[in-house]
Amino acid sequence: MKKILVTGGMGYIGSHTCVELSQAGYLPIIVDNLENSKIWIKDRLLEITGVDIPFYQADCADSVVLNQIFEEHHIEGVIHFAANKAVGESVQNPLKYYHNNINSLLTVLEVSEKHNCQNLVFSSSCTVYGEPDTLPVDESATIKKAESPYGSTKIFCETIIEDFIRSSNVYKSVLLRYFNPIGAHHSSLIGELPLGVPSNLVPFITQTAAGLRDSLVVFGNNYNTADGSCIRDFIHVSDLAQAHVKAFEFLFAQSQSTCTAINIGTGQGYSVLQLIQDFEKTTGVKLNYTIGPKRAGDVEAVYADARKAKETLQWEAKRSIKDSLRDAWNWEKTLLK
Ligand code: NAD
Ligand code: WQD
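Sequential numbering from 388 applies to the sequence shown in this note's numbering.
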């Protein structure tokens with residue numbers, strides 16, 4: 388059984404990916420400092436997969452611990468999820484973001500090199516495209532100057548990986564550029580755990596529907612879009628997680644060094660107001676919302692050209708927006724208990 392080191396594997400996307408890896412016959416080995424996740428996720432992963440997934444509570448920028456893990460296990464690939472991801476916080480505290488997101492990647496690369504582990508999947512983001520010149524946006528689009536330090540770390544990390552791979556003739560990497568992951572595992576055992584007031588749309592919707600928040604504010608209805616609200620590519624987190632399994636199948640099949648960026652989205656643009664209507668239809672819950680001003684730094688519209696993922700990874704999103712919203716709502720309801 389191939390062992391895959393999953394940094395940040397207790398987090399939202401990481402935990403769903405561990406499920407998919409395990410169900411595809413890999414053994415995930417998690418390293419996470421629990422800065423933005425909970426220890427009970429480990430039991431939930433056991434309940435879903437039947438596998439007691441090895442877990443190390445540690446900072447993945449700690450090379451001593453990372454070396455120990457590589458010595459204990461024959462690791463054949465790494466997925467590097469571990470990062471801070473709150474866009475607003477990154478504007479307030481940029482050094483935290485540069486420190487954590489860059490140092491953790493550097494350590495992962497140095498220790499992987501030391502142990503001759505040649506396969507890396509990196510969590511990048513559609514944020515690297517900023518406001519795209521054409522839609523749907525494909526991987527050859529211009530990388531724009533980031534709107535936030537968080538976004539800058541994704542651009543820097545992609546560049547660091549590209550330079551590292553260029554310097555070798557053996558290392559291989561897929562840079563997965565995620566669009567907007569939403570929803571939760573259909574079991575409702577794992578899902579998103581926002582700290583404090585959510586800044587992302589779907590957790591704010593489900594918390595408002597649950598009565599934890601009075602009202603959702605839609606940030607702007609005078610964009611140049613059909614209904615005036617922003618457009619995004621919302622993708623079910625389990626579909627996104629499956630793309631990581633496909634990325635390893637691709638990497639393990641490559642005999643030569645490679646570094647390639649791949650969009651992970653549905654290819655469909657959905658507006659914020661459409662999403663709210665679909666949430667109400669799917670769940671039967673009426674949502675309190677008001678229209679407010681635009682949020683600084685928001686792009687008007689972004690959705691993926693998802694053809695490269697299909698051609699290169701034989702992956703495409705299968706779940707609908709309604710599946711995502713139903714699963715997000717079922718997960719929120721379990722949190723209320
Ligand atoms: P998350 O916060 O739920 O998960 C990240 C996990 O990493 C957490 O469990 C946290 O405790 C851990 N972590 C952070 N720094 C660490 C460190 N130095 N050492 C060990 N563990 C550490 O976030 P997520 O939504 O699952 O995002 C995962 C990755 O995907 C991140 O790199 C994020 O930037 C990227 N991404 C997320 C989204 C999104 O909308 N959620 C979109 C695009 C890209
Ligand atoms: C979606 C839409 C808001 C909250 C962010 C990061 C991006 C990536 C994904 C990591 C926008 C609107 C939101 C609310 C609203 N993360 N909205 N009211 O901004 O597309 O992307 O997460 O890489 O880098 O920037 O996601 O969920 O915050 O917003 O109207 O209370 O919902 O304006 O149009 P976003 P989001």
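The beta-carbon is built from N, C-alpha and C at its ideal position, and this holds for glycine as well.
- Query: Taking buried to mean at least 16 other C-beta atoms within 10 Å of its own C-beta, is Asn611 buried or exposed?
  - Reply: Here residue 611 refers to the residue found at position 224 when the sequence shown is read from its first residue. So Asn611 counts as exposed.
- So, are the CB atoms of Lys539 and Ile548 less than 9 Å apart? Within the sequence shown, numbered from 1, the residue matching residue 539 stands at position 152. Within the sequence shown, numbered from 1, the residue matching residue 548 stands at position 161. Before going further, note that residue 539 is Ser rather than Lys in the sequence given. Taking 9 Å as the cut-off, the Cβ atoms of Ser539 and Ile548 do not count as close.
- Tell me whether Lys429 is buried or exposed, calling it buried when 16 or more other Cβ atoms sit within 10 Å of its Cβ. Residue numbering aside, residue 429 sits at position 42 when the sequence shown is read from its first letter. Sixteen is the threshold: when 16 or more other Cβ atoms of the shown chains lie within 10 Å of the Cβ of Lys429, as they do, the residue is buried.
- Message: I'd like to check one pair, Asp685 with His623: are the Cβ atoms closer than 9 Å?
- Response: As a position in the sequence shown, residue 623 is number 236, starting the count at 1. As a position in the sequence shown, residue 685 is number 298, starting the count at 1. No; because the gap between Cβ atoms is not below 9 Å, this pair is not in contact.
- Query: In the structure shown, what three-state DSSP assignment does Asn650 receive?
  - Reply: As a working mapping, residue 650 is identified with position 263 in the sequence shown. Strand.
- Task: Determine the contact status of Trp427 and Thr593, defining contact as a CB-CB distance below 9 Å.
- Result: For the purposes of this step, residue 427 is identified with residue 40 of the sequence shown, where counting begins at 1. For the purposes of this step, residue 593 is identified with residue 206 of the sequence shown, where counting begins at 1. Cβ atoms of Trp427 and Thr593: not closer than 9 Å.
- Message: What ranges does the alpha helix (DSSP H) occupy inside the segment 563-610, keeping only unbroken runs of at least 4 residues that lie completely in it?
- Response: Whole alpha helix (DSSP H) segments, 4+ residues: 588-596.
- Helix, strand or coil: how does DSSP classify Lys531 here? Position 144 of the sequence shown, counted from the start, is the residue given in the question as residue 531. In the structure shown, Lys531 sits in coil (DSSP, three-state: anything other than H, G, I, E or B).
- Message: So for His461, helix, strand or coil by DSSP?
- Response: The count along the sequence shown starts at 1 and reaches residue 461 at position 74. The answer is coil: DSSP assigns His461 none of H, G, I, E or B.
- Could you say if the segment 443-463 and the segment 511-518 meet the contact criterion of at least three C-beta pairs nearer than 8 Å? Contact between the segment 443-463 and the segment 511-518 is absent, because fewer than three Cβ pairs lie under 8 Å.
- Quick one: what's got a C-beta closer than 7 Å to Pro481's C-beta in the same chain, skipping five residues either side? For this step, residue 481 is matched to residue 94 along the sequence shown. Around Pro481: Pro536.
- Query: Ala683: beta carbon under 8 Å from a heavy atom of ligand 1?
  - Reply: Indexing the sequence shown from 1 puts residue 683 at position 296. Not so, every heavy atom of ligand 1 lies at least 8 Å from the Cβ.
- Item | Per-residue burial, Asp520 [other beta carbons within 10 Å of its own, 16 or more giving buried] | The count along the sequence shown starts at 1 and reaches residue 520 at position 133. Asp520 sits exposed, since fewer than 16 C-beta atoms from the chains shown fall within 10 Å of its C-beta.
- If you compare alpha carbons, which of Asp525, Phe543, Leu522, Val524 is closest to Lys532? For the purposes of this step, residue 532 is taken as residue 145 along the sequence shown, with counting starting at 1. Minimum Cα distance to Lys532 is reached at Phe543.
- Item | Rounded straight-line distance, which links the Cα of Ile678 to that of Gln444 | As a working mapping, residue 444 is identified with position 57 in the sequence shown. As a working mapping, residue 678 is identified with position 291 in the sequence shown. If you take the alpha carbons of Gln444 and Ile678, they lie about 42 Å apart.
- Task: Name, in chain order, the residues that DSSP records as bridge partners for Val561.
- Result: One-based indexing of the sequence shown puts residue 561 at position 174. Beta-bridge pairing links Val561 to Val508, Thr647.
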